[in-house]
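Heads up: the protein sequence lines correspond to chains A and B, in order. Mapping of the first sequence onto the working numbering: position 66 corresponds to residue 510, and the numbering continues sequentially without gaps. Mapping of the second sequence onto the working numbering: position 30 corresponds to residue 474, and the numbering continues sequentially without gaps.
Protein chains: 2
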Amino acid sequence: MAGQKSPDGPRQSAGAGTETRGLPIREFSRSLPMSLLRAREAVMRQFRPSLRNHGLTEQQWRILRALTAVDSIEVTELARVAFLLGPSLSRILRDLEARNLIERRPAKADLRRAVVSISPRGLKLIEAVAPSSEAIYAEITSRYGARKLAELQQMLGELERRLAAMEIADEAAAEPGE
Amino acid sequence: MAGQKSPDGPRQSAGAGTETRGLPIREFSRSLPMSLLRAREAVMRQFRPSLRNHGLTEQQWRILRALTAVDSIEVTELARVAFLLGPSLSRILRDLEARNLIERRPAKADLRRAVVSISPRGLKLIEAVAPSSEAIYAEITSRYGARKLAELQQMLGELERRLAAMEIADEAAAEPGE
DNA sequence: CGTTATCACTTAACATGTTAATCAGATTTC
DNA sequence: GAAATCTGATTAACATGTTAAGTGATAACG
Chain A
445 MAGQKSPDGP RQSAGAGTET RGLPIREFSR SLPMSLLRAR EAVMRQFRPS
495 LRNHGLTEQQ WRILRALTAV DSIEVTELAR VAFLLGPSLS RILRDLEARN
545 LIERRPAKAD LRRAVVSISP RGLKLIEAVA PSSEAIYAEI TSRYGARKLA
595 ELQQMLGELE RRLAAMEIAD EAAAEPGE
Chain B
445 MAGQKSPDGP RQSAGAGTET RGLPIREFSR SLPMSLLRAR EAVMRQFRPS
495 LRNHGLTEQQ WRILRALTAV DSIEVTELAR VAFLLGPSLS RILRDLEARN
545 LIERRPAKAD LRRAVVSISP RGLKLIEAVA PSSEAIYAEI TSRYGARKLA
595 ELQQMLGELE RRLAAMEIAD EAAAEPGE
């Protein structure tokens, strides 16, 4: 529903049933957060159907995908790599374990920590999904241009780094004595 | 997700408690969806505390912000502008109405449609949040560079447009007879 | 002009995002 | 070495994302 209907010809009035007040609605819809949100949604919209056909959500896929790169990994590290918050990860790991797609066991040296690894069944699932997933990624790269895509990711990484610096400044201002 | 194969610096170890298997974990964490997700999260992390201080979530803010640009707007149009799915919007409008931040009434010509507008109370809230919000945005712009930011948004918009074209191709292939 | 299809939401159901609280295992402190 | 503290993981509670089903109103059709 929130999607794009028409490839947006320049629309004068904001739409049917909309009475304008004076401020342009464009200014808001062109904000950086909105640009990032829409771009990401446009990308994920390509992958979701394929993942869904295999009974996986985007986040479940992220986790299994991350697990294929390692023999085993601690939960905290996995959260960092898959970019998920602890509570989300906890729930998803519970479900993936119930589906026998992953295995989990406590760490020997520290019983608080849990070590996770992908199961043969999970590996098989990943191998079933990967081809279509990579085909989609290749198509995106082709349509947008490999060079341009690399440049975009460079710029996104740079944005991330600059903003990380901002947060440090915040904390320093908030807690000058720590 | 299906990554690109940048022949990058090989990673020694993926981190504490992580046993590597062979595939670099980097390849996955540098996928386009992850880049977009992390960049957006880095941006929103700056805004959330301020919004939270005023009792607003990111989506509630998006809606109120969009409403300040118009006298009134139909729900479907609002969903498009604020980039929210129908069900999410329904819930949020119900809550915002209960808090007297918006007003809603049926459209005269078509009783299915609902017309939404911001209330004086909502307007007051927006005016209270806007300064800090704009200050943050200005700081981001300054840190990243106004020119570079504009370029980034240009590239994001281009990506969006290219992917929209992809979806049309999908639909044509799936339903050739409709 | 009644039947059917379509439309604009709204609800429902499940998965995740987000923050706070909890809880058991490890560290530190005295 | 027991109490206080800290830490990794989970649970709780609420808000949103996502898809499917439901509801009432309108439009299309015969």
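Built from N, CA and C at the ideal position, the CB exists for glycine as well.
Which term fits residue i, buried or exposed, when burial requires 16 or more other beta carbons within 10 angstroms of its beta carbon?
| i | result |
| --- | --- |
| residue 516 of chain A | buried |
| residue 510 of chain B | buried |
| residue 553 of chain A | exposed |
| residue 501 of chain A | exposed |
| residue 521 of chain A | buried |
| residue 506 of chain A | buried |
| residue 537 of chain A | buried |
| residue 542 of chain A | exposed |
| residue 476 of chain A | buried |
| residue 582 of chain A | exposed |
| residue 484 of chain A | buried |
| residue 605 of chain A | exposed |
| residue 523 of chain A | buried |
Which partner residues of residue i appear in the DSSP bridge assignment?
| i | result |
| --- | --- |
| residue 549 of chain B | B/559 |
Could you tell me whether the Cβ atoms of residue i and residue j are closer together than 9 Å?
| i | j | result |
| --- | --- | --- |
| residue 478 of chain B | residue 472 of chain A | no |
| residue 546 of chain B | residue 530 of chain B | no |
| residue 561 of chain B | residue 548 of chain B | yes |
| residue 489 of chain A | residue 607 of chain B | yes |
| residue 559 of chain A | residue 498 of chain A | no |
| residue 596 of chain A | residue 596 of chain B | yes |
| residue 495 of chain A | residue 577 of chain A | yes |
| residue 486 of chain A | residue 540 of chain B | no |
What number of angstroms, rounded off, separates the C-alpha of residue i from the C-alpha of residue j?
| i | j | result |
| --- | --- | --- |
| residue 493 of chain A | residue 610 of chain B | 14 Å |
| residue 535 of chain B | residue 556 of chain B | 17 Å |
| residue 591 of chain A | residue 570 of chain A | 28 Å |
| residue 512 of chain A | residue 551 of chain B | 54 Å |
| residue 504 of chain B | residue 519 of chain A | 32 Å |
| residue 575 of chain B | residue 584 of chain B | 14 Å |
| residue 491 of chain B | residue 587 of chain B | 15 Å |
| residue 598 of chain A | residue 580 of chain B | 23 Å |
| residue 594 of chain B | residue 514 of chain A | 39 Å |
| residue 453 of chain B | residue 474 of chain B | A caution first: residue 453 of chain B carries a pLDDT of 37, below 50, which makes its placement in the model unreliable, though a value can still be read off. Their backbone Cα atoms lie some 13 Å apart in a straight line. |
| residue 525 of chain A | residue 564 of chain A | 21 Å |
| residue 589 of chain B | residue 568 of chain A | 46 Å |
| residue 462 of chain A | residue 544 of chain A | 51 Å |
Taking a Cβ distance cut-off of 8 Å, strictly less, list which residues of the segment 556-586 of chain B are near chain A, in chain order.
-> Answer set for the segment 556-586 of chain B: 557, 559, 581, 583 and 584.
Which residues, taken in chain order from the segment 527-557 of chain B, show a beta carbon closer than 7 Å to some beta carbon of chain A?
-> Cβ contacts with chain A come from 527, 528, 529, 530, 551 and 557.
Would you list, in chain order, the members of the segment 481-494 of chain A that have their beta-carbon closer than 7 Å to a beta-carbon of chain B?
-> The segment 481-494 of chain A vs chain B, Cβ under 7 Å: 481, 482, 483, 484, 486, 487, 488, 489, 490 and 491.
Report the residues of the segment 494-510 of chain B with a CB closer than 7 Å to any CB of chain A, ordered along the chain.
-> For chain A, the residues of the segment 494-510 of chain B that bring a beta carbon within less than 7 Å of one of its beta carbons are 509 and 510, in chain order.
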